[in-house]
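*Asks:* Chains as they are written, first to last, in my numbering: chain A, 2 to 261; chain B, 2 to 261; chain C, 2 to 261. Cβ coordinates follow ideal geometry from the N, Cα and C atoms, glycine included. Attaching a single structure in structure tokens format; questions to follow.
Shown next as structure tokens:
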């Protein structure tokens, strides 16, 4: 930090199990990746190459080298896993992870219907090769999963070997955990938390109001995902109570009363 | 491409007559232009320097050199043409195109009222000097042009020598082809397509839902425009059925059924 | 400018007292700062490091050097002032301004309740050390300040030594001067202008429709703030009547009539 401020919430530091930030790279150039890493390497714990953007982005090898040199693990978006699976190319996918030396992999079923036992089998298999993040929730805004089902899916995926589970929101933040307006399905979130430990969940929360909701509910060290590269610094200020939205949240009432 | 996937829609390759992507540069710096070209040169067929941004962007010569070296033609937004015309400076505009060695020019009347025969005369004149893109539709969200009128304007402008016609949407995607909410005027689009060949039209579609609409209606190789630089990679994944929105669109039902 | 156009509104030039543009940097990397300066140094009069982003952005010294070399003064967002004040660290804040050789400072009370005489006392004190910008308006969209109160607050802060006063809007443009939809509280703006000279006010106007409103109401040389780095070139075209939104605003009716 560039200077000293008292009364800040205690933040976890790398390697983080909670207070974890997952950023989404949806096609940065090499120099943009360097710019991102310069600003964010302290604050970003893992980078997702969004959905199948890794298929069309040139210079994938060099991009991975930049993230590797900055100590930030990278994984392919779950949609890419689904693209290989639906084509019967799972073995190709496994080879791809090895070829690019990826230590994390996401397993999801957001764009397809998949038998859940089959999904868990893929989790078990890939967990022998990588650290698995599994995602729950559909990208289809018409498909509403009731809370008890979210919980049983998450628990089964953790049992199958997922390191953490991700709550779906897309890049836009208007499906899965959120209503089509972007509003948090807060009853769903609270019910999930009665059963699943909060450090096992990464909440996709691309919109600022969503990030603020989770930080107010669960504290500075909630795990958040799908953060755009240029929103990493702003998010860190929200976690620390240094942006208007959470400014008074971490302060004692006595401190505020002295000014009026 | 970085790896192999089966069952992808066939994409056209450069120089493209259909499957064409027009990107909008609204003031990139030189290094940002280089970043853009690094990521997008395979996927971008032409770049528009949005409206009159070329007037205030420094280093215009060097920017044009970067695009030229990447093999991507550049043209000035139609609003700049209108700015010269309304000031009686058409001859200055012609000299400007020559000075910057631009091989494409846009002719539009989105911000002004112009007699259509006069517009067609400008198309005929500029078509002797450059390849002309002409734009139909108003930037004024109160000005609704009925479908039969869109068709007759487009046909007259193609007859006057326009290489392709552009359907207006602005940078924001909320006029012309679209309602003020951004929703596609789908009846308009379908009626236009009964008369004008689809490869002669570039649909401005800056919003993701708009791109998805046109790709589902007209396939991977529809011509799209006003794409922001950082949305070029995402658009290419939508064209290829590798993003949630079009994921199942290009697949056989049998492939999907095997997973449930 | 890259070429000549007649009939443009006269723009002020640096150092500007009116026609002033304040940009918001919310965490640019060093190279992104260089890119920004390359494009915008003619058009940006001052840069705000948004709220407390300067706390978490690395390389703060080097970033300030880049802006200094480009002749663009920098100041810390008002939320940072509030963060120091609420912690009883005002003297630390004064030392911080000296340490980074900042010639401007913002004083605000957007995230806290502060006695107005106390706020004016801070303005008087900091005005001995720097040029003070003071901000009126709350970041809380529930807190509506009536027009007469805006005027008396602004006047008192100018009397206390503020160089200019800023009308609050946040990065998002949906509080203070604006309704939660982003719509301008135009009656408020007009009433303020009956009492406070327009060159003493910087209107935060991050959204394009807001910039257009102020330029149509107050001309090309209105002072605007909270402009995103990649919107500086577009804003300059709006000021000059070279974008659709203000295209006809600065032209004589006779010029337009000649085309129909």
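Report yes if the C-beta distance between residue 31/C and residue 83/A is below 9 Å; otherwise report no.
*Replies:* By one-based count along the third chain, residue 31/C stands at place 30. By one-based count along the first chain, residue 83/A stands at place 82. Contact flag unset, no.
*Asks:* Can you look up residue 254/B in the DSSP assignment and give me helix, strand or coil?
*Replies:* Position 253 of the second chain, counted from the start, is the residue given in the question as residue 254/B. It is helical.
*Asks:* Please report the residue range of the beta strand (DSSP E) in which residue 1/B lies.
*Replies:* Outside the displayed span of chain B (2 to 261) sits residue 1/B, for which this structure offers no information.
*Asks:* Mapping the DSSP letters down to three states, classify residue 45/A as helix, strand or coil.
*Replies:* Here residue 45/A is taken as the residue at index 44 of the first chain, counted from 1. Coil at residue 45/A, not helix or strand.
*Asks:* Skipping 5 residues on each side, what residues in its chain have a beta carbon closer than 8 Å to that of residue 71/B?
*Replies:* As a first step, residue 71/B is located in the second chain; it is residue number 70 there, counting from the start. Closer than 8 Å at the Cβ level, and outside the excluded window around residue 71/B, lie 38, 42.
*Asks:* So, using beta-carbon positions, are residue 104/B and residue 132/B closer together than 9 Å?
*Replies:* The residue given as residue 104/B occupies position 103 in the second chain. The residue given as residue 132/B occupies position 131 in the second chain. Cβ atoms of residue 104/B and residue 132/B: closer than 9 Å.
*Asks:* Have a look at residue 223/A and residue 24/A and give me their C-alpha separation to the nearest angstrom.
*Replies:* Position 222 of the first chain holds residue 223/A. Position 23 of the first chain holds residue 24/A. Cα to Cα, the separation comes out at about 14 Å.
*Asks:* Under 9 Å, Cβ to Cβ, is there at least one residue of chain C near residue 48/A?
*Replies:* For this step, residue 48/A is matched to residue 47 along the first chain. For residue 48/A, the answer is no, since every Cβ of chain C falls outside 9 Å of its Cβ.
*Asks:* Count the C-beta pairs between the segment 234–252 of chain A and the segment 55–75 of chain A that are closer than 8 Å, then say yes if the count reaches three, no if not.
*Replies:* Verdict: no, contact absent.
*Asks:* In terms of residues, what are the limits of the alpha helix (DSSP H) holding residue 84/C?
*Replies:* In the third chain, counting from the first residue as 1, residue 84/C sits at position 83. First-last of the alpha helix (DSSP H) with residue 84/C: 79–87.
*Asks:* What's the call for residue 2/A, buried or exposed, on a 16-neighbour Cβ count within 10 Å?
*Replies:* Counting from one through the first chain, the residue named residue 2/A turns up at place 1. Exposed, by the Cβ-count rule.
*Asks:* Can you give me the start and stop residues for the beta strand (DSSP E) that residue 23/C sits inside?
*Replies:* As a working mapping, residue 23/C is identified with position 22 in the third chain. Note, residue 23/C: beta strand (DSSP E), 22–26.
*Asks:* Starting from residue 135/A, trace the beta strand (DSSP E) both ways and give me its first and last residue.
*Replies:* What you label residue 135/A is simply residue 134 of the first chain in a count that begins at 1. Residue 135/A -> beta strand (DSSP E) spans 132–137.
*Asks:* Count the other C-beta atoms from every protein chain shown that fall within 10 angstroms of the C-beta of residue 196/A, then say buried if there are 16 or more, exposed otherwise.
*Replies:* Here residue 196/A refers to the residue found at position 195 when the first chain is read from its first residue. Classification of residue 196/A: exposed, given that the 10 Å Cβ count is below 16.
*Asks:* What in chain C is Cβ-close to residue 244/A, meaning under 8 Å?
*Replies:* Counting from one through the first chain, the residue named residue 244/A turns up at place 243. Simply 52, 53, 80.
*Asks:* What does the alpha-carbon distance come out to for the pair residue 102/C and residue 86/C?
*Replies:* To locate residue 102/C, count along the third chain from 1; it is residue 101. To locate residue 86/C, count along the third chain from 1; it is residue 85. Whole-angstrom Cα-Cα distance: 20 Å.
*Asks:* Assuming the contact rule is C-beta atoms closer than 8 Å, residue 174/B and residue 130/B should be a hit. Round their C-beta distance to whole Å, please.
*Replies:* In the second chain, the residue the question calls residue 174/B occupies position 173. In the second chain, the residue the question calls residue 130/B occupies position 129. Not confirmed; about 31 Å, so no contact.
*Asks:* Leaving out five residues on either side along the sequence, give the residues of the same chain with a beta carbon under 6 Å from the beta carbon of residue 251/C.
*Replies:* Residue 251/C sits at position 250 when you count from the first residue of the third chain. The residues are 10, 242.
*Asks:* Is residue 205/A helix, strand or coil when you go by DSSP?
*Replies:* Taking the first chain and counting its residues from 1, one reaches residue 205/A at position 204. Looking at residue 205/A - three-state DSSP - the assignment turns out to be strand.
*Asks:* If you draw a straight line from the alpha carbon of residue 106/A to that of residue 77/A, how long is it in whole angstroms?
*Replies:* Within the first chain, numbered from 1, the residue matching residue 106/A stands at position 105. Within the first chain, numbered from 1, the residue matching residue 77/A stands at position 76. Going by the C-alpha atoms only, they are around 6 Å apart.
*Asks:* Report the residue from 97/C, 99/C, 100/C, 121/C whose alpha carbon sits nearest the alpha carbon of residue 108/C.
*Replies:* Along the third chain, one-based indexing puts residue 108/C at 107. Closest by alpha carbon: 121/C.
*Asks:* Tell me whether residue 149/A is buried or exposed, calling it buried when 16 or more other Cβ atoms sit within 10 Å of its Cβ.
*Replies:* By one-based count along the first chain, residue 149/A stands at place 148. Counting Cβ neighbours within 10 Å, residue 149/A comes out exposed, since fewer than 16 surround it.
*Asks:* By DSSP, does residue 70/A sit in helix, in strand, or in coil?
*Replies:* Working through the first chain from its first residue, we reach residue 70/A at position 69. DSSP places residue 70/A in helix when its eight states are reduced to three.
*Asks:* Indicate whether at least one CB of chain B lies closer than 9 Å to the CB of residue 31/A.
*Replies:* As a first step, residue 31/A is located in the first chain; it is residue number 30 there, counting from the start. At least one chain B Cβ lies under 9 Å of residue 31/A.
*Asks:* Comparing C-alpha positions only, which one of 127/A, 215/A, 200/A, 118/A sits nearest to residue 206/A?
*Replies:* Position 205 of the first chain holds residue 206/A. Considering only alpha carbons, the answer is 215/A.
*Asks:* On the CB-based measure, 16 or more other CB atoms within 10 Å of its CB, does residue 169/C come out buried or exposed?
*Replies:* Residue 169/C sits at position 168 when you count from the first residue of the third chain. Answer is buried; the Cβ neighbour count reaches 16.
*Asks:* List the residues of chain A whose Cβ lies closer than 7 Å to the Cβ of residue 119/C, in chain order.
*Replies:* Translated into positions along the third chain, residue 119/C becomes position 118. Those are 260, listed as they occur along chain A.
*Asks:* Could you compute how far the alpha carbon of residue 137/C sits from the alpha carbon of residue 90/B?
*Replies:* Your numbering for residue 137/C matches position 136 in the third chain. Your numbering for residue 90/B matches position 89 in the second chain. Their backbone Cα atoms lie some 45 Å apart in a straight line.
*Asks:* Count the other CB atoms, across all protein chains shown, that sit within 10 Å of the CB of residue 79/C; report buried if there are 16 or more and exposed otherwise.
*Replies:* Sequence index remark: in the third chain, residue 79/C carries index 78 (1-based). Label assigned to residue 79/C: buried.
*Asks:* Nearest to residue 165/A by alpha carbon, out of 203/A, 192/A, 153/A, 190/A?
*Replies:* Residue mapping note: residue 165/A aligns to position 164 of the first chain, counting from 1. When only C-alpha atoms are compared, the closest one is 203/A.
*Asks:* Name the chain B residues whose beta carbon is nearer than 7 Å to that of residue 84/A?
*Replies:* Translated into positions along the first chain, residue 84/A becomes position 83. Residues of chain B passing the Cβ test: 6, 243.
*Asks:* Would you tell me roughly how many angstroms separate the C-alpha atoms of residue 167/C and residue 151/B, rounded to the nearest one?
*Replies:* For the purposes of this step, residue 167/C is identified with residue 166 of the third chain, where counting begins at 1. For the purposes of this step, residue 151/B is identified with residue 150 of the second chain, where counting begins at 1. Taking the straight line from one Cα to the other gives about 46 Å.
*Asks:* Residue 152/B lies in the beta strand (DSSP E); which residues open and close that run?
*Replies:* Position 151 of the second chain, counting from 1, holds the residue named residue 152/B. Note, residue 152/B: premise wrong, no beta strand (DSSP E); alpha helix (DSSP H) at 148–160.
*Asks:* Give the interface partners of residue 58/A over in chain B, defined as CB-CB distance under 8 Å, in chain order.
*Replies:* To locate residue 58/A, count along the first chain from 1; it is residue 57. Those within 8 Å of residue 58/A in chain B are 3, 40, 234.
*Asks:* What first and last residue would you give for the alpha helix (DSSP H) that runs through residue 163/C?
*Replies:* Against the third chain, residue 163/C aligns to sequence position 162. Element bounds for residue 163/C: n/a, residue is neither H nor E.
*Asks:* Sort 53/B, 200/B, 45/B by Cα distance to residue 4/C and report the nearest one.
*Replies:* Taking the first residue of the third chain as position 1, residue 4/C is located at position 3. Taking only the C-alpha atoms, the option nearest residue 4/C is 53/B.
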